[in-house]
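Notes for the one structure printed next.
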Amino acid sequence: MFEVVEKFLHRRFLPKHTSLEPKALSGTHVAILATDGFEQSELFLPKEALERAGAVTHVVSLQKGKIKGWNHTNWGKTIDVDMTVREAWSMEFDFLLLPGGVINPDKLRENAEAVAFTMSFVNKHRPIAAICHGPQLLIETGGLKGRTVTSYPSIKTDIENAGGHWINEKVVIDHRFITSQRPSDIPAFNDAMIREFSEHKIHHLLPDTEGYASTL
Numbered sequence: 001m002f003e004v005v006e007k008f009l010h011r012r013f014l015p016k017h018t019s020l021e022p023k024a025l026s027g028t029h030v031a032i033l034a035t036d037g038f039e040q041s042e043l044f045l046p047k048e049a050l051e052r053a054g055a056v057t058h059v060v061s062l063q064k065g066k067i068k069g070w071n072h073t074n075w076g077k078t079i080d081v082d083m084t085v086r087e088a089w090s091m092e093f094d095f096l097l098l099p100g101g102v103i104n105p106d107k108l109r110e111n112a113e114a115v116a117f118t119m120s121f122v123n124k125h126r127p128i129a130a131i132c133h134g135p136q137l138l139i140e141t142g143g144l145k146g147r148t149v150t151s152y153p154s155i156k157t158d159i160e161n162a163g164g165h166w167i168n169e170k171v172v173i174d175h176r177f178i179t180s181q182r183p184s185d186i187p188a189f190n191d192a193m194i195r196e197f198s199e200h201k202i203h204h205l206l207p208d209t210e211g212y213a214s215t216l
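Next comes the structure, spelled out in structure tokens:
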């Protein structure tokens, strides 16, 4: 249905229904790292998809209070911040979502705590979903070296300079990175994100169950 490019360093085999279960992410916690200027649809719509799949989402930002989204050409809705980046270190998250927007990732990549928080997911090999300009934070972590990803086309050169391989596709899955280009790709992005997160849950977050042995 959607154009999704998958590049796995380790192929995982799961029953086809696994990622399509209504509450496939039940019991998991997702950090959504964002600040003022996040692209409105790139936070709200993936957040809703994650919650429909049973995940508990937490908006993590630089300061407490509210952050304001950017809706195409002007300021949009606000959303409550659940915890600051500093507070988030005390909690164990399963997955990370990085919304885009021109303003949001540029602010976050200049903040050492936000970069370190993102790097912790890279170092722990936990899935990260990033859309539009969201991969700018991945550039700062150094985690894009040797990875195949996509993004909003304007940061293609930045990704390549960081050692990543950029391709022009709606959604790209390379191991535990799920990346996408723009708001119009959100349906494909959400589908890939839920599927990858749920497969990771089966392989790494649940007790060993007969028939679901991990190949990693």
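Residues 1 to 216 in full-length UniProt numbering are what the sequence shown lists, from first letter to last. C-beta atoms are modelled at their ideal positions from N, C-alpha and C, and glycine is treated no differently.
In this structure, the alpha-carbon of Trp70 lies about 15 Å from that of Ile131. For Pro22, the number of other beta carbons within 10 angstroms of its own is below 16, and it is reported as exposed. The DSSP-derived three-state label of His133 is coil.
For Phe95, the pairing in a beta bridge is given by DSSP as Val30. Sequence-distant Cβ neighbours of Ile178 in its own chain, meaning closer than 6 Å and more than five residues away, are Ala129, Ala192, Met193, Glu196. In the displayed model, Thr84 falls within a strand according to three-state DSSP. As DSSP reads the structure, Thr57 sits in a beta bridge with Val30. Of the candidates Glu92, Glu169, Thr141, Glu39, the residue whose Cα lies closest to the Cα of Pro153 is Glu169. Residue burial is scored here from C-beta neighbours: Trp166 has at least 16 other C-beta atoms within 10 angstroms and is therefore classed as buried. The stretch 93-100 makes contact with the stretch 29-41; the number of CB pairs closer than 8 Å reaches 3 or more. Distance between Ile103 and Lys201, taken at the CA atoms: about 32 Å. When the beta-carbon positions are compared, Ser26 and Ala49 stay at least 9 Å from each other.
For Thr157, the enclosing alpha helix (DSSP H) covers residues 156-161. For the pair Gly164 and Arg52, the Cα-to-Cα distance works out to about 32 Å. Counting along the chain, Lys107 sits inside the alpha helix (DSSP H) bounded by residues 103-109. In chain order, Cys132, Tyr152 place their CB closer than 7 Å to the CB of Arg182, counting only its own chain and leaving out the 5 sequence neighbours on each side. Beyond the five residues adjoining it in sequence on each side, Phe117 comes within less than 6 Å, by CB distance, of Val85 in the same chain, given in chain order. Exposed is the label assigned to Gly142, since fewer than 16 other Cβ atoms lie within 10 Å of its Cβ. No Cβ-Cβ contact shorter than 9 Å links Gly37 with Asp82.
With 16 or more neighbouring CB atoms inside 10 Å of its own CB, Gln136 falls in the buried class. One thing to note: Ala34 has its Cβ no nearer than 9 Å to the Cβ of Leu138.
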